[in-house]
Ligand code: ITT
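Residue numbers (the working numbering): 9 to 191.
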């Protein structure tokens, strides 16, 4: 079984592919522009993207929108994570968190799948904390400053396999794989 994963992020693609391969589902990366609406709700962004992309591609496809939600910052950057990463990055977040004791944060992922008969969303999240300094050089995005609950390493200090045991993305893609397997 082959499904297109529309994304420009190679790391996301590799993480998702590793999960899906375990269920004998092949993902193929399709790097085209995703139409994105501004919304506070990741699900709304994904639904809108799915409908627009399907009219273009006309083949079973999957997209994902993810973000980092920090409690002490009123859940910022949330759906704006991509822009915030490009502008202030990990160091900017660490600066915003300077002197703040409540380090609680979570990553959320919404994965959307569409084919001729179905349109469906799956969600995954991982709880954790914003580290006091950036650690590690693996992964991408905010990985160096996020420590999952119960772990001492940041995501950027973990191998992809270790990150996939815990991550928001892995959890959402597993749900998709299980649903596809039952179909
Ligand atoms: P797409 O082409 O798939 O949209 P993207 O990188 O823009 O790729 P998102 O909009 O879903 O992806 O992600 C928003 C940002 O959230 C992303 O740029 C990262 O900075 C951050 N992020 C999401 N998942 C992450 C993860 O697993 N580890 C670290 N940062 C992550």
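Positions of the beta carbon are idealized from the N, C-alpha and C atoms, including for glycine.
Keep in mind that this is a model prediction, so the values were computed, not measured.
*asked:* Quick check: the Cα distance between residue 48 and residue 86, rounded to an integer number of angstroms?
replied: Looking up residue 48 in the chain shown gives position 40. Looking up residue 86 in the chain shown gives position 78. The straight-line gap from Cα to Cα measures roughly 8 Å.
*Measuring CA to CA, which of 139, 30 and 69 is closest to residue 14?*
Here residue 14 is taken as the residue at index 6 of the chain shown, counted from 1. Looking at the Cα atoms, 69 is the closest of the given residues.
*Report the option in 53, 59, 45 and 23 whose CA atom is closest to the CA atom of residue 125.*
The residue labelled residue 125 in the question sits at position 117 within the chain shown. When only C-alpha atoms are compared, the closest one is 59.
_Taking only three categories from DSSP, how would you classify residue 163?_
Locating residue 163 in the chain shown gives position 155, where the first residue counts as 1. Of the three classes helix, strand and coil, the one that applies to residue 163 here is helix, per DSSP.
_Reduced DSSP secondary structure (H/G/I, E/B, other) of residue 100_ = Your numbering for residue 100 matches position 92 in the chain shown. DSSP, reduced to helix, strand and coil, places residue 100 within a helical segment of the structure shown.
_Spatial distance of residue 77 from residue 114 (CA atoms)_ = For the purposes of this step, residue 77 is identified with residue 69 of the chain shown, where counting begins at 1. For the purposes of this step, residue 114 is identified with residue 106 of the chain shown, where counting begins at 1. Cα to Cα, the separation comes out at about 5 Å.
_Closest residue to residue 130 among 64, 45, 180 and 67 (Cα-Cα distance)_ = Here residue 130 refers to the residue found at position 122 when the chain shown is read from its first residue. Among 64, 45, 180 and 67, the Cα nearest to that of residue 130 belongs to 180.
*Please indicate yes or no: does the CB of residue 15 lie closer than 7 Å to some heavy atom of the ligand ITT?*
Counting from one through the chain shown, the residue named residue 15 turns up at place 7. Shortest gap from the CB of residue 15 to any heavy atom of the ligand ITT: under 7 Å.
*Where are the beta strand (DSSP E) runs, 3 residues long or more, that stay fully inside the region 85 to 131, in chain order?*
112 to 122
*Hey, out of 31, 66, 91 and 164, whose CA is closest to residue 185's CA?*
If you number the chain shown from 1, residue 185 lands on position 177. Nearest to residue 185 by C-alpha distance, out of 31, 66, 91 and 164, is 31.
*Taking the C-alpha atoms as reference points, what is the distance between residue 52 and residue 83?*
Taking the first residue of the chain shown as 1, we reach residue 52 at position 44. Taking the first residue of the chain shown as 1, we reach residue 83 at position 75. Cα-Cα distance, rounded: 17 Å.
*Under the three-state reduction of DSSP, which class applies to residue 57: helix, strand or coil?*
The residue you call residue 57 lines up with position 49 of the chain shown. Reduced to three states, the DSSP call for residue 57 is helix.
*My guess is that residue 152 and residue 144 are in contact by the Cβ rule of under 8 Å, so how many angstroms apart are they, rounded?*
Against the chain shown, residue 152 aligns to sequence position 144. Against the chain shown, residue 144 aligns to sequence position 136. The pair is a contact, with the Cβ atoms about 5 Å apart (cut-off 8 Å).
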